[in-house]
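Here's the structure, in structure tokens; my notes come after.
Number of protein chains: 2
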Amino acid sequence: MKKKVLVVYAHPEPQSLTRQLVDVSVGTLQQHGHEVLQSDLYGMRWKAVFDGDDFPTRADPERLGFVTESGHSYSSGEQAPDIAAEQQKVLAADAVLFQFPLWWFGMPAILKGWLDRVWAYGLAYGYKGAGNRYRYGDGAFKGKRALLSVTVGGPAEDYSPRGINGPLEQLLFPITHGALFFPGMDVLPTYAVYGTGRITAEGVAAAKAAWSARLERLFEDAPIPFRPQNGGDYPDRHVLAHHVAVGQTGLAVHVAEAEPSLPPLEMGAGTWP
Amino acid sequence: MKKKVLVVYAHPEPQSLTRQLVDVSVGTLQQHGHEVLQSDLYGMRWKAVFDGDDFPTRADPERLGFVTESGHSYSSGEQAPDIAAEQQKVLAADAVLFQFPLWWFGMPAILKGWLDRVWAYGLAYGYKGAGNRYRYGDGAFKGKRALLSVTVGGPAEDYSPRGINGPLEQLLFPITHGALFFPGMDVLPTYAVYGTGRITAEGVAAAKAAWSARLERLFEDAPIPFRPQNGGDYPDRHVLAHHVAVGQTGLAVHVAEAEPSLPPLEMGAGTWP
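Line by line, the protein sequences are chains V and H.
Just add 3 to wherever you are in the first sequence, counting from 1, and you've got my numbering.
Just add 3 to wherever you are in the second sequence, counting from 1, and you've got my numbering.
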């Protein structure tokens, strides 16, 4: 069935591996009859910095509070036009891909600034004005899929379960769990290409083929089984119930299959090359 | 003894809690005879987006590669002036404080863009042109201290060892370990103020007092005991040795006291209020 897919990407160089993988996204998805929307953040000269200019009318002209003003501008329909346009693209999409190079173990600033500005109060958090009633598996973006595609300079072993940088999926947890599952998206295991600093032409070809294969299963692959807030595991909506992941702490407890013997956040991680 | 401390902060509102805590930093540090350098990122209208304009001369005019051009511009002394100026401030400082509101479980884009641009190849990574020889406890910033001060909208329990957001120190691991310990800094446990959306005047006063007390111990408090790359725990510089943190995986294995019964990343976390 035909779907709409939004591709948000953050690299200014058309020959970069990131952009080559964006080209694969567009080609593969269109070949399968899907409609592709694009947000080329560098090309759009996306405003990265969330500031007072983003609030054409102010709830409180005396003191700039981002939550207050984000909520006011969203609910009153007085948002900055570029923010509103991106929200409409996300709301129209069945899936959102984020394609970027890993910089200091996170998103480039231009992409972080897309989240900071587009993920408004009343939409991505504080949905329906109900505080935290809808979050982590519930919210405005429920039913949509999300998938990160990251290019990583270092070798895969540095990001392995005991690798010196930490496991990639745990480094990305603030994005996958914190920014995407939070407003309700089903987040697929990250696709990663490692060792991009020394990648060969064969490596690039293999990475493109593997990414194309992931895209073909975009609407079939199982998402990371993050525990939904309202599914019973968080009786008070704050802390994991005592009988769940007994005696464990840390990020991994929020993934449903968490067992002491299995490091769940690695299970679905991209393992190319 | 008199020291130099650089305060890098990211909030445009002078009345915000973040900025009130910056005022405490300046006051307390100067009171103790230290010299304070400031980087008011919003006030400076800091350029958040790392792009081709940051490279006045290009190693490769045909294809923009950030690692290549960052290394070329740093080693040739042809950097963008704002980047070079910030590097000089960091190099002059004995400690660097980062003060910001937690947005989507990470730094505001303007601060991420400070790291993206200022942490150049040859300086913060690829030090001495020796690949990964110097990193994680070694490098250009060895001997300097770093400390995050974050203001958090949600309640502390959401960031507790089994809290629904994940433990704060694990969410910040890409910054503390990945961006600050990586180039050699000693990173202190994060100072956090929670529940800022509903904080009272008494809460603000208590938060300021607690922050001032932390600053008084800035050069005495023990850093987070991240394992140094070159201290023996990573024999091949990539993966933790088998005899260390036996059978464990995930971010916590990179903290030295890691024991199965103790969640080490929570031990030093700020717990206010």
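We treat Cβ as the ideally placed atom computed from N, Cα and C, and that holds for glycine.
The model shown is predicted, which means the values in this text are computed figures rather than measured ones.
On the CB-based measure, 16 or more other CB atoms within 10 Å of its CB, does residue i come out buried or exposed?
i      : result
H/E260 : exposed
H/E223 : exposed
H/D26  : exposed
H/L9   : buried
H/T21  : buried
V/V249 : exposed
V/Q33  : exposed
V/A95  : exposed
V/K5   : exposed
V/P238 : exposed
V/P192 : buried
V/D161 : buried
V/R230 : buried
H/G134 : exposed
H/P266 : Confidence is the limiting factor: at H/P266 the pLDDT is only 48, short of 50, which leaves the residue's position unreliable, though a coordinate-based value still follows. Flag for H/P266 reads buried.
V/H241 : buried
V/E205 : exposed
H/D57  : buried
H/A98  : buried
V/D63  : exposed
V/G129 : buried
H/S264 : Residue placement at H/S264 cannot be trusted, given a pLDDT of 47 that sits under 50; the coordinates are not used to answer.
Restricting to Cα atoms, I'd like to know which of the options is closest to residue i.
i      : options                           : result
H/F185 : H/K92, H/F176 and H/P192          : H/F176
H/I167 : V/A255, V/V196, V/L94 and V/V39   : V/A255
V/R217 : V/L151, V/Q82, V/A112 and V/F103  : V/L151
H/V1   : V/R165, V/F101, V/Y128 and V/S42  : Since the first residue of chain H shown is 4 and the last is 276, residue 1 of chain H is not available in this structure.
H/Q90  : H/A133, H/L126, H/H245 and H/Y197 : H/L126
H/H257 : V/L221, V/S163 and V/W106         : V/S163
H/I202 : H/G234, H/M188, H/A159 and H/V29  : H/A159
V/Y139 : V/G181, V/Y197, V/V99 and V/I113  : V/G181
V/M188 : V/T71, V/Y137, V/H245 and V/G55   : V/Y137
V/G30  : V/G235, V/L243, V/Y128 and V/E219 : V/E219
H/A88  : H/L221, H/I113 and H/S42          : H/S42
H/F108 : V/L174, V/T154, V/G55 and V/G46   : V/L174
Among residues of its own chain, excluding the 5 on either side of residue i, which ones have a beta-carbon nearer than 6 angstroms to its beta-carbon?
i      : result
H/V190 : A149, T179, L183, F184, P226 and I227
V/S73  : A123 and Y124
H/G3   : In this structure chain H extends from 4 to 276, so residue 3 of chain H is not present and cannot be described.
V/I86  : R120 and V121
V/E38  : K7
H/G3   : No answer is possible for residue 3 of chain H: it lies beyond the span of chain H, which begins at 4 and ends at 276.
H/Q82  : S76
Kindly list the residues whose CB is nearer than 8 angstroms to the CB of residue i, restricted to its own chain and excluding five residues on each side of it in sequence; keep chain order.
i      : result
H/G116 : W49, K50, A51, V52 and F53
H/Q23  : V207 and K211
V/G36  : K5
H/L40  : K7, V8, L9, V10, K92, A95 and A96
In chain order, what residues of the same chain have a beta carbon less than 7 angstroms from the beta carbon of residue i, not counting five sequence neighbours either side?
i      : result
H/P111 : A13, F103 and P104
V/K131 : Y137
H/T71  : A62 and D63
List, in order along the chain, the chain V residues whose C-beta lies closer than 7 angstroms to that of residue i?
i      : result
H/H166 : The sequence given here has Gly at residue 166 of chain H, not His. Simply H241 and V242.
H/V52  : A51, A112 and I113
H/V256 : R165
H/Y139 : I167
H/D26  : Those do not exist, as H/D26 stays about 15 angstroms from chain V at its closest Cβ, beyond 7 angstroms.
H/E160 : H241 and V242
Name the chain V residues that come within less than 9 angstroms of residue i, Cβ to Cβ?
i     : result
H/E16 : G55, R66, L67, G68 and F69
Mind pulling the chain H residues with CB within less than 9 angstroms of residue i?
i      : result
V/A23  : Note that residue 23 of chain V is Gln in the sequence shown here, rather than Ala. Neighbours of V/Q23 on chain H: none; closest Cβ ~12 angstroms, over 9 angstroms.
V/P228 : By Cβ distance, chain H contributes nothing, its closest Cβ being about 15 angstroms from V/P228, past 9 angstroms.
V/A182 : W107, F108 and G109
What in chain H is Cβ-close to residue i, meaning under 7 angstroms?
i      : result
V/D119 : W106, W107, P111 and A112
V/Y45  : D54
If the cut is a Cβ gap below 8 angstroms, which residues of chain H does residue i touch?
i      : result
V/Y130 : The contacting residues do not exist; V/Y130 stays about 15 angstroms from chain H at best.
Under 8 angstroms, Cβ to Cβ, is there at least one residue of chain C near residue i?
i      : result
H/L174 : Included in the structure are the protein chains V and H, with no chain C among them.
Note down, in chain order, every chain V residue with its Cβ under 8 angstroms from the Cβ of residue i.
i      : result
H/Q232 : I167
Quiz item: Just checking, does the stretch 13–23 of chain H make contact with the stretch 60–67 of chain V on the three C-beta pairs under 8 angstroms criterion?
Solution: At 8 angstroms Cβ cutoff, the stretches touch.
Quiz item: Is the stretch 143–158 of chain H close to the stretch 69–80 of chain H, with three or more CB pairs under 8 angstroms?
Solution: Too few Cβ pairs lie closer than 8 angstroms, so no.
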